[in-house]
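These notes concern the structure reproduced below.
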Amino acid sequence: MPSLFELTKEQFVEHLVDEPRFRVDQIWHGVWGELDDVQSITTIPKILRARLSEQFPSSLRVVEDVQSDHGTTRKWVFALHDGSTIETVLMGYRDRVTVCVSSQAGCAMGCTFCATGQAGFTRQLSVGEILEQVIFAARAARPRRLTNVVFMGMGEPLANYPVTVGAVRRLHEYLGLSARHLTVSTVGVAPAIERLAREGLAITLALSLHAANDETRNELIPLNRRYPLSRLREACEVWNSTTSRRLSLEWALIDGVNDTDKAVEELADFAYPLHAHVNLIPLNPTPGFLVRGSSSHRVNEFRDALVRAGVNVTVRNTRGRSIDAACGQLANVTNAKRRSLPVRSI
Ligand code: SAH
Ligand code: SF4
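So the sequence shown is numbered by my numbering: it starts at 1 and just counts up by one.
Right, dumping it as structure tokens:
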């Protein structure tokens, strides 16, 4: 049986067609407005609560719950109904509370530096499975209010396109999150970027660029052979001319690979004409990738060189490394199991 979060409001109304409309609204408000579990919506009769919680069981079972950064970063590993597992990360900052959600169990894109890519693809998530990650995290964040959702967990959101767009719309409509606080991150599925641009959603798009020459990008990101940089640039231009939202470019700095002076130039040539904002992240360690992240000294030099080239840039501080919750580390693999994973190098 699907969870309650699988249903649109119309489907929910339809499901409770025998109940008075005010009752349906009470439940809907309890679930989405108050983040209540159906069992704790005390304004509705006990028998209805019992029926609904039996009909709509939760789709997430907590397998692991770990914290780091003095409790401001929390990661859950969830098992889904078929036993596949996903990860969700909650991050509390001074001015915002962000949840990083998975859009697929695993990922088929095979990026060499990413633990999810190293582990392979299991299946697509449903809209309800994505929304329930957000609700779960929003409940855990209380009394703080969840403000941001980033599709930067496991999986490639644009390879699960209708589900991603459906989840984004409902986060905005049902949970009341501002579209600009919703970020979809993609490895660069060019036609899907163009399609997303035309959805009329004022969301933030993050493109995981990591290299601005095809030779290096082909080695890091197999999808680059299908949609090389020239094709990606076209898609970014469509994004810019169709939406009012500034594009973000993600760049994980890898020692000696994409942190050279030449790389600064190539990145600036790509980013500047697109008015894009660059987010630098020092590469996080993963078991299957032997090359290290750049030193913090080099990260700062790289940032300063971009600033001199007129590019908007920030260095993103890394959260959750000690619990394998940082960017690229989500693979449902404990440290003990890691040693047996195949190792690749570029
Ligand atoms: N599939 C999407 C979203 C999930 S990955 C994408 O690739 O954009 C979220 C971000 O983490 C991406 O920018 C990805 O490139 C980055 N990432 C992956 N592995 C990383 C690593 N080892 N260190 C730092 N960032 C990494
Ligand atoms: Fe998939 Fe993104 Fe990891 Fe690449 S970086 S393997 S697209 S999750």
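Just so it is clear, CB atoms sit at the ideal spot from N, CA and C, and this is done for glycine as well. All of these numbers come straight from a predicted model, not from anything done at the bench.
#1: Would you mind giving the Cβ-Cβ distance between residue 249 and residue 116, rounded to the nearest angstrom? I have them listed as a contact below 8 Å.
#2: Taking the continuous beta strand (DSSP E) assigned at residue 64, which residues delimit it?
#3: Is residue 107 near the ligand SF4 - that is, is its Cβ less than 7 Å away from at least one heavy atom of it?
#4: Does DSSP put residue 244 in a helix, in a strand, or in coil?
#5: Rounding to the nearest angstrom, what Cα-Cα distance links residue 55 and residue 34 in this structure?
#6: State the beta-bridge partners of residue 121 as determined by DSSP.
#7: Which whole-angstrom value is the C-beta distance of residue 229 and residue 294, which I expect to be below 8 Å?
#8: Have a look at residue 213 and residue 205 and give me their C-alpha separation to the nearest angstrom.
#9: Would residue 171 and residue 158 be called neighbours here (beta carbons separated by less than 8 Å)?
#10: Which residue comes first and which comes last in the alpha helix (DSSP H) that contains residue 28?
#11: Quick one: what's residue 251 bridged to in DSSP?
#12: Take residue 297 as the anchor and find which of 32, 255 and 308 has the nearest alpha-carbon.
#13: Assuming residue 309 and residue 318 form a contact by the criterion Cβ under 8 Å, report the distance between their Cβ atoms to the nearest whole angstrom.
#14: Residue 236 and residue 274 look like a contact to me (Cβ under 8 Å); what is the Cβ gap, rounded to whole Å?
#15: So, at 7 Å on beta carbons, what are the nonlocal neighbours of residue 312 in its own chain, with the 5 sequence-adjacent residues on each side left out?
#16: Please confirm whether any heavy atom of the ligand SF4 lies closer than 7 Å to the CB of residue 156.
#17: Give me the residue from 222, 217, 22 and 239 with the minimum Cα distance to residue 194.
#18: Roughly how many angstroms separate the alpha carbons of residue 165 and residue 130, rounded to a whole number?
#19: Could you give the distance in angstroms between the alpha-carbon of residue 243 and the alpha-carbon of residue 196?
#20: Run the proximity test for residue 252: is its beta-carbon closer than 7 Å to any non-hydrogen atom belonging to the ligand SAH?
#21: Looking at the structure shown, is residue 258 part of a helix, part of a strand, or coil, going by DSSP?
#22: Opposite residue 89 in the DSSP bridges: which residues?
Once the coordinates are examined:
#1: Locating residue 249 in the sequence shown gives position 249, where the first residue counts as 1. Locating residue 116 in the sequence shown gives position 116, where the first residue counts as 1. No, residue 249 and residue 116 are not in contact; Cβ-Cβ is about 20 Å, not under 8 Å.
#2: Here residue 64 corresponds to residue number 64 of the sequence shown, with the count starting at 1. In the DSSP assignment, residue 64 falls within the unbroken beta strand (DSSP E) covering 61–68.
#3: Here residue 107 is taken as the residue at index 107 of the sequence shown, counted from 1. Flag set: Cβ of residue 107 near the ligand SF4.
#4: Position 244 of the sequence shown, counted from the start, is the residue given in the question as residue 244. Coil.
#5: Here residue 55 refers to the residue found at position 55 of the sequence shown. Here residue 34 refers to the residue found at position 34 of the sequence shown. Cα to Cα, residue 55 sits roughly 20 Å from residue 34.
#6: Here residue 121 refers to the residue found at position 121 of the sequence shown. Residue 121 is bridged to 106.
#7: If you number the sequence shown from 1, residue 229 lands on position 229. If you number the sequence shown from 1, residue 294 lands on position 294. Between residue 294 and residue 229 the Cβ distance is about 21 Å, and since that is not below 8 Å, they are no contact.
#8: In the sequence shown, the residue the question calls residue 213 occupies position 213. In the sequence shown, the residue the question calls residue 205 occupies position 205. Straight through space, the alpha carbons of residue 205 and residue 213 are spaced by roughly 21 Å.
#9: Position 171 of the sequence shown holds residue 171. Position 158 of the sequence shown holds residue 158. No; because the gap between Cβ atoms is not below 8 Å, this pair is not in contact.
#10: Taking the first residue of the sequence shown as position 1, residue 28 is located at position 28. Residues 21–28.
#11: The sequence position of residue 251 within the sequence shown is 251, counting from 1. Answer is 280, bridged to residue 251.
#12: Here residue 297 corresponds to residue number 297 of the sequence shown, with the count starting at 1. Of 32, 255 and 308, the residue nearest in Cα terms is 255.
#13: Translated into the one-based positions of the sequence shown, residue 309 becomes position 309. Translated into the one-based positions of the sequence shown, residue 318 becomes position 318. Their Cβ separation, rounded to whole angstroms, is 24 Å, which puts residue 309 and residue 318 out of contact at 8 Å.
#14: The residue given as residue 236 occupies position 236 in the sequence shown. The residue given as residue 274 occupies position 274 in the sequence shown. By a beta-carbon distance limit of 8 Å, residue 236 contacts residue 274. Their separation comes to about 5 Å.
#15: Taking the first residue of the sequence shown as 1, we reach residue 312 at position 312. Same-chain partners within the cutoff: 277 and 278.
#16: In the sequence shown, residue 156 corresponds to position 156, counting from 1. The nearest non-hydrogen atom of the ligand SF4 is less than 7 Å from the C-beta of residue 156.
#17: As a working mapping, residue 194 is identified with position 194 in the sequence shown. For the residues 222, 217, 22 and 239, the minimum Cα distance to residue 194 belongs to 239.
#18: For the purposes of this step, residue 165 is taken as the residue at position 165 of the sequence shown. For the purposes of this step, residue 130 is taken as the residue at position 130 of the sequence shown. Each residue's Cα considered, the two are about 11 Å apart.
#19: Start at 1 with the first residue of the sequence shown, and residue 243 comes out as number 243. Start at 1 with the first residue of the sequence shown, and residue 196 comes out as number 196. Taken atom to atom, the span from the alpha-carbon of residue 243 to that of residue 196 is near 10 Å.
#20: What you label residue 252 is simply residue 252 of the sequence shown in a count that begins at 1. At least one heavy atom of the ligand SAH is nearer than 7 Å to the Cβ of residue 252, so yes.
#21: Stepping through the sequence shown from its first residue, residue 258 is reached at position 258. In this structure, residue 258 counts as coil in the three-state DSSP scheme.
#22: For the purposes of this step, residue 89 is taken as residue 89 along the sequence shown, with counting starting at 1. Answer is 75 and 100, bridged to residue 89.
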